[in-house]
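Dropping the structure here:
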């Protein structure tokens, strides 16, 4: 892998992990479009670089939400000690944890099937279009009136079940969870914020799980520099994507992302 390839794929991962356009789909389609067959045909390196990209986007989440993370963790710990969910922060922390369970369980069970059966470029393109229409319908039909304090455990579990659909490349984890939030009546910014908060344990867990595999096997020769470049470029572009999307959704809808997915 060249430095340019590492930078491009890091930026692609950072932006598309948080925008509702599918990061996994782009990481399949972009090398295919640029003719980077060597990347597509090297599963050992792909596994290593995937860890770098997930770790980079995890760092961007920590950087943007560090204050929220501190408040939620403290409230969650107090609720464990007291055996009471007495504050909005504790309640939100438990909802975030609940929402991560379905994708975690199904991801471990279906990882091999997803990679082999759903990772083909034509399937990615089909899912990009299909879920563009789902996003458009949800954005136009939903009420957009509720804040996160109105979200209950059934809603959080529903968003978590929706997140499991994003195991298929082309669906978009952020996109499908935002769609679920919109259908529950959440405001666009609130749906995006909950999507990002629930991605913290998901992305962090994926990076840790795959990182353990890489640690056991060791980094392939010559991959240290691309690994570091992938982490940095994914982290910086991810931070930009989070900030930009939350600011954008305060006043605008999802139409540009629907158009992009259909283009």
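Residue numbers (our numbering): 12 to 274. Just so it is clear, CB atoms sit at the ideal spot from N, CA and C, and this is done for glycine as well.
Using a Cβ-Cβ cutoff of less than 7 Å, which residues in the same chain neighbour residue i once the five nearest sequence positions on both sides are dropped?
{"i": "residue 153", "result": "193, 194 and 196"}
{"i": "residue 31", "result": "146, 183, 185, 186, 189, 265 and 268"}
{"i": "residue 61", "result": "221"}
{"i": "residue 218", "result": "62, 65, 66 and 69"}
{"i": "residue 112", "result": "171"}
{"i": "residue 38", "result": "20, 23 and 24"}
Could you check which residue in the options has the C-alpha nearest to that of residue i?
{"i": "residue 269", "options": "138, 99, 77 and 132", "result": "138"}
{"i": "residue 212", "options": "110, 37 and 32", "result": "110"}
{"i": "residue 46", "options": "66, 12, 94 and 166", "result": "12"}
{"i": "residue 25", "options": "244, 17, 90 and 161", "result": "244"}
{"i": "residue 79", "options": "100, 116, 230 and 165", "result": "100"}
{"i": "residue 96", "options": "40, 171, 151 and 163", "result": "163"}
{"i": "residue 248", "options": "27, 158 and 148", "result": "27"}
{"i": "residue 151", "options": "178, 181, 140 and 198", "result": "198"}
{"i": "residue 72", "options": "253, 259 and 90", "result": "253"}
{"i": "residue 251", "options": "74, 43 and 205", "result": "74"}
{"i": "residue 43", "options": "85, 135 and 259", "result": "135"}
{"i": "residue 227", "options": "238, 59, 18 and 49", "result": "59"}
{"i": "residue 155", "options": "263, 88 and 87", "result": "263"}
{"i": "residue 14", "options": "246, 206, 238 and 259", "result": "238"}
{"i": "residue 258", "options": "92, 93, 204 and 274", "result": "204"}
{"i": "residue 274", "options": "140, 206 and 173", "result": "140"}
{"i": "residue 206", "options": "232, 216, 77 and 173", "result": "173"}
So residue i and residue j are supposed to be a Cβ contact under 8 Å. How far apart are they, rounded?
{"i": "residue 242", "j": "residue 63", "result": "5 Å"}
{"i": "residue 175", "j": "residue 114", "result": "5 Å"}
{"i": "residue 21", "j": "residue 240", "result": "6 Å"}
{"i": "residue 159", "j": "residue 103", "result": "6 Å"}
{"i": "residue 167", "j": "residue 106", "result": "4 Å"}
{"i": "residue 178", "j": "residue 117", "result": "6 Å"}
{"i": "residue 272", "j": "residue 143", "result": "4 Å"}
{"i": "residue 98", "j": "residue 86", "result": "5 Å"}
{"i": "residue 18", "j": "residue 132", "result": "In fact, because the Cβ distance is near 22 Å, the residues do not count as touching under 8 Å."}
By Cβ distance, which residues of its chain are closer than 6 Å to residue i, with the 5 residues on each side in sequence left out?
{"i": "residue 261", "result": "200"}
{"i": "residue 255", "result": "none"}
{"i": "residue 35", "result": "180"}
{"i": "residue 149", "result": "190, 193 and 194"}
{"i": "residue 229", "result": "none"}
{"i": "residue 90", "result": "96 and 101"}
Taking 8 Å as the CB-CB limit, is residue i close to chain D?
{"i": "residue 60", "result": "Chain labels in this structure do not include chain D; a single protein chain is all it has."}
Quick one: give me the first and last residue of the alpha helix (DSSP H) that residue i is part of.
{"i": "residue 13", "result": "Unbroken run through residue 13: none, as it is neither H nor E."}
{"i": "residue 239", "result": "235-260"}
{"i": "residue 196", "result": "Unbroken run through residue 196: none, as it is neither H nor E."}
{"i": "residue 272", "result": "266-273"}
Quick check: is any heavy atom of the ligand GTP less than 7 Å from the C-beta of residue i?
{"i": "residue 217", "result": "In the structure on display, the ligand GTP does not appear, and there are no ligands present to speak of."}
Going by beta carbon distance, what residues of the same chain come within less than 8 Å of residue i, once the five residues before and after it are set aside?
{"i": "residue 214", "result": "28, 65, 68, 69 and 72"}
{"i": "residue 157", "result": "195, 196, 197, 198 and 201"}
{"i": "residue 11", "result": "Missing from the structure shown is residue 11; the chain here goes from 12 to 274 and no further."}
{"i": "residue 165", "result": "none"}
Inset, instruction - Could you tell me which uninterrupted alpha helix (DSSP H) segments, each at least 4 residues in length, are contained entirely in the segment 116-187, listed from first to last along the chain? - result: Listed in chain order, the alpha helix (DSSP H) elements of length 4 or more contained wholly in the segment 116-187 are 132-152 and 164-176.
Legend entry - Within the segment 27-90, ranges of the alpha helix (DSSP H) (whole runs, at least 4 residues): Listed in chain order, the complete alpha helix (DSSP H) runs (minimum 4 residues) inside the segment 27-90 are 34-45 and 48-51.
Inset, instruction - Only counting runs of 4 or more residues, tell me where the alpha helix (DSSP H) segments fall wholly within the segment 199-229, in order along the chain. - result: For the segment 199-229, whole alpha helix (DSSP H) runs of length 4 or above, ordered along the chain, are 199-228.
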